[in-house]
Every structure is written in structure tokens, then in C-alpha cells.
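Number of protein chains: 2
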Amino acid sequence: MADPDERFDSIVKKLKENNHKLTPQRLAVVKILATSKGHPNVEKIYELIQKDFPTMSLATVYRNVMLLKSLGEVLELGFPDGSNRYDGNKPYSHPHVICVKCKKIIDPDLDTLKDMTAEVADETGFKILMHRLDFFGICQDCI
Amino acid sequence: MADPDERFDSIVKKLKENNHKLTPQRLAVVKILATSKGHPNVEKIYELIQKDFPTMSLATVYRNVMLLKSLGEVLELGFPDGSNRYDGNKPYSHPHVICVKCKKIIDPDLDTLKDMTAEVADETGFKILMHRLDFFGICQDCI
DNA sequence: AATCAATTAAGAATGATTCCTAATTATATT
DNA sequence: AATATAATTAGGAATCATTCTTAATTGATT
Numbered sequence: 002m003a004d005p006d007e008r009f010d011s012i013v014k015k016l017k018e019n020n021h022k023l024t025p026q027r028l029a030v031v032k033i034l035a036t037s038k039g040h041p042n043v044e045k046i047y048e049l050i051q052k053d054f055p056t057m058s059l060a061t062v063y064r065n066v067m068l069l070k071s072l073g074e075v076l077e078l079g080f081p082d083g084s085n086r087y088d089g090n091k092p093y094s095h096p097h098v099i100c101v102k103c104k105k106i107i108d109p110d111l112d113t114l115k116d117m118t119a120e121v122a123d124e125t126g127f128k129i130l131m132h133r134l135d136f137f138g139i140c141q142d143c144i
Numbered sequence: 002m003a004d005p006d007e008r009f010d011s012i013v014k015k016l017k018e019n020n021h022k023l024t025p026q027r028l029a030v031v032k033i034l035a036t037s038k039g040h041p042n043v044e045k046i047y048e049l050i051q052k053d054f055p056t057m058s059l060a061t062v063y064r065n066v067m068l069l070k071s072l073g074e075v076l077e078l079g080f081p082d083g084s085n086r087y088d089g090n091k092p093y094s095h096p097h098v099i100c101v102k103c104k105k106i107i108d109p110d111l112d113t114l115k116d117m118t119a120e121v122a123d124e125t126g127f128k129i130l131m132h133r134l135d136f137f138g139i140c141q142d143c144i
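Chains as they are written, first to last, in this note's numbering: chain L, 2 to 144; chain F, 2 to 144.
Shown next as C-alpha cells:
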């Protein structure tokens, strides 16, 4: 996991560079995305911010998450059931291992992934821009 | 690609085994899913069936696609933008290469994928049930 | 401190999917 | 072949996540 403080500063820097205002609500969203390990969804971010901003609108969370996504500072994890969760700590393509019971998400190290991407580019002639690799299974805690 | 006729028969057999009625609408959905190469979405299936069944309800397409999915005879491909497309020809986890411009989908052969699944199981202790592997890029036709 | 464009809150609108209900129909049985 | 019945259908209503709208507010610049 990247250092949460560094990630926070890095995202704030990107926002400034692109002339986006640093509102308290926006910074609260950034903080949660930069620091949380659990890949929160929009609803979760909304809940967490409620404590500090009781009038916070859900639409504001959506707006800011989308902004950060468009700046490449947040990775959206779309799941088969249609739900979305977000990773602001490692905002680039990387594999996940997801427990279908407790919904835990782990980031495994897969050395062979780079080779595989090259293999795909070679076989299909595509210029590969990104990928999505998720393994679904049962974690040790859930037997 | 598996033989479309065999896939059609195989799906029909599964439906019979599970005591589902073979309505004309249902069989039309099965036929399209078993034979189409282009990974159609629900809307596309609906359009294609309109010609033969002008009174066909969109809900009926959804119902039947979901039924086939629950029987393991159709693979649902959920995309980052929230859209879904379906594969009734190869209804098991397999990688895709998707052109972000023309939306073309190719099924590459990746020999190393089995090894990678074993690697993940070994590293995380998960019992891996399925996976999802999509590469996004630009195909040769779209330069 | 004043200005102004960006941002916000709150609720309305949207769009994909699912649900509901009465009418229809595939299948098994006679 | 006719009947019974449980599954399925059409069509529209309901749902739910997400996006849009509008007027009010606010961060950043001068």
C-alpha cells in the first residue's frame, strides 16, 4: 500500500494543477479514498463524511469520485453484481482477489502479469491500455 | 468457438433437465445466445427477436437470460461503464480483449492463465472459483 | 473586501433492471 | 384429443443506483 499521506498530497496537487477548488467536502472525499484500505463504495464514503458534514449530499460524493476518476487518481472496481468500489491508493490497473462470502479484497503480487499483457498484445495486435483481473473465491477465514 | 448447434442442443437439454418449459420466446433467446459471436447485450437480443415476436417483452428477455445464467449456461460480461453483454457459446470464465473504440471483443488464448490461477491460490490461500480477465485497448482496425 | 466561476444541497429525472398481475400456454395426464 | 395446472408471458409499474437541475453558497483571485 502506498503511503496514505503521500497519496493525499499527490491527489491534492493534481486537483490544484487542474484548477479545481479545494472545498472541505472534496478534501474529505480525497482523504477517505487516499487512506482507506477497504476499497469503499460511494455509500460508504457518504456515511463516513456524514459525521463531519451532516448536510453532505450524496450527489457531491458521486461528483467528486467521478472527478478523481477522470483525473486518473482513483480506480473504479466494477463488480459482476453491478456494484462499484473505489481505490484511491493504487489508482492503476492491478489484480484483485475477492472473497465471495465476506467481500474482502486482497491485492496479490503476480509477476507473470506483465508477460501476459505482452503475450496478448502480440497475439491480437491490440495496443493494450489497461486491464482488469479479478479472481473470485473463498478466503481462509470463510473456509 | 463451440459449435452453435451443439450449444443450442446442450442448453435446451439443460432446460429440460431442470423442468423449464420450452416456450418459443425462450428458445429464441437460447438460439441467439448459443449462436452469436458478438457477445450481444439484452437490448440487442430484444431487437433481434422483435422480428419474429413483435409482442415480446423486454422483461422476458431479462428473465430468460437470468435463468440461463443461473443454470451456468451463459456468461455475463459486466463492463466498467455498467453495461452487460452475454456469451452463451463459452459460458465459463475466459479472458477477453476489448477494443475501447469499436467495442469489438476477442477471445485470446492464454496458456499462462492456469499457472497464474494456481499462483494466486498459493499466495493468498483462497479457493479460487472463477475469474475475470479483460484487456482493454485499441485494435488494429482502429489503429 | 469584491468579484466570479466553480461547487454545493436537495430533490427531480433518468435508465437499466426487476417486480407485479392477469391472461396465456407448454406439458403431463387422462 | 381434450383437460388440468403450474409455469410463463406482456405490459406497465416499481425500484435503485446514478446523474441532472437550479438556486444558493463559497474558494480563489484581484
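From the three backbone atoms N, C-alpha and C, an ideal C-beta is built for every residue, glycine too.
Everything numeric in this text was worked out from a predicted model, so none of it was measured.
Annotation for Leu114 of chain L: the continuous alpha helix (DSSP H) segment containing it runs Leu114 to Thr125. In this structure, Phe127 of chain F places its C-beta atom within 7 Å of the C-beta atom of Val98 of chain L.
A direct Cα-Cα distance of roughly 10 Å separates Ala29 of chain F from Phe9 of chain F. F:Lys105 is the residue among F:Lys115, F:Thr113 and F:Lys105 whose C-alpha sits nearest the C-alpha of Phe137 of chain F.
Non-local beta-carbon contacts of Thr118 of chain L in its own chain, meaning distances under 7 Å to residues more than five positions away in sequence, involve Ile129 and His132 in chain order.
Under the Cβ criterion of 7 Å, Arg86 of chain L is not counted among the residues facing chain F.
Along the region 117 to 131 of chain F, going in chain order, the ones with a CB nearer than 9 Å to a CB of chain L are Met117, Thr118, Glu120, Val121, Ala122, Glu124, Thr125, Gly126, Phe127, Lys128, Ile129, Leu130 and Met131. Between Ile107 of chain F and chain L, the shortest Cβ-Cβ separation is below 7 Å. The straight-line gap separating the alpha-carbon atoms of Val31 of chain F and Pro81 of chain L is approximately 21 Å. Within chain L, the residues placing a beta-carbon under 7 Å from that of Val98 of chain F are Val121, Thr125 and Phe127, ordered along the chain. Listed by position along chain L, the residues whose Cβ is nearer than 9 Å to that of Gly83 of chain F are Gly79, Gly83 and Asn85. Rounded to the nearest whole angstrom, the C-alpha separation of Phe54 of chain L and Thr24 of chain L is 12 Å.
Separation of Ala60 of chain L and Tyr87 of chain L (C-alpha to C-alpha, rounded to the nearest whole angstrom) is 16 Å.
Under the 10 Å beta carbon count, Gly39 of chain L is surrounded by fewer than 16 other beta carbons and is classified as exposed. Asp88 of chain L has L:Leu76 as its beta-bridge partners, per DSSP. The beta-bridge partner set that DSSP reports for Cys100 of chain L consists of L:Gly138. Contact check for Val75 of chain L against Pro92 of chain L passes: the beta carbons are separated by less than 7 Å. Put simply, the CB of Arg133 of chain F is near chain L, with a gap under 7 Å to one of its CB atoms. With its beta carbon at least 7 Å from every one in chain F, Cys103 of chain L lies outside the interface. Taking Gly79 of chain F as the centre and dropping the five residues before and after it, the same chain places the C-beta of Asn85 closer than 6 Å to its C-beta, in chain order. With respect to the C-alpha of Asp135 of chain L, the residue from F:Ala122, F:Ile107, F:Gly89 and F:Lys102 having the closest C-alpha is F:Ala122.
Spatial neighbours of Gln51 of chain F in its own chain (CB-CB distance under 8 Å, excluding positions within 5 residues in sequence) are listed in chain order as Met57.
When only Cα atoms are considered, Leu111 of chain F and Asp6 of chain F end up about 26 Å apart. At least one C-beta of chain L is nearer than 7 Å to the C-beta of Cys140 of chain F. Between Pro109 of chain F and Thr36 of chain L, the gap from beta carbon to beta carbon reaches 7 Å or more.
Listed along the chain, the chain F residues whose CB falls inside 9 Å of the CB of Leu111 of chain L are Met117, Glu120, Val121 and Glu124.
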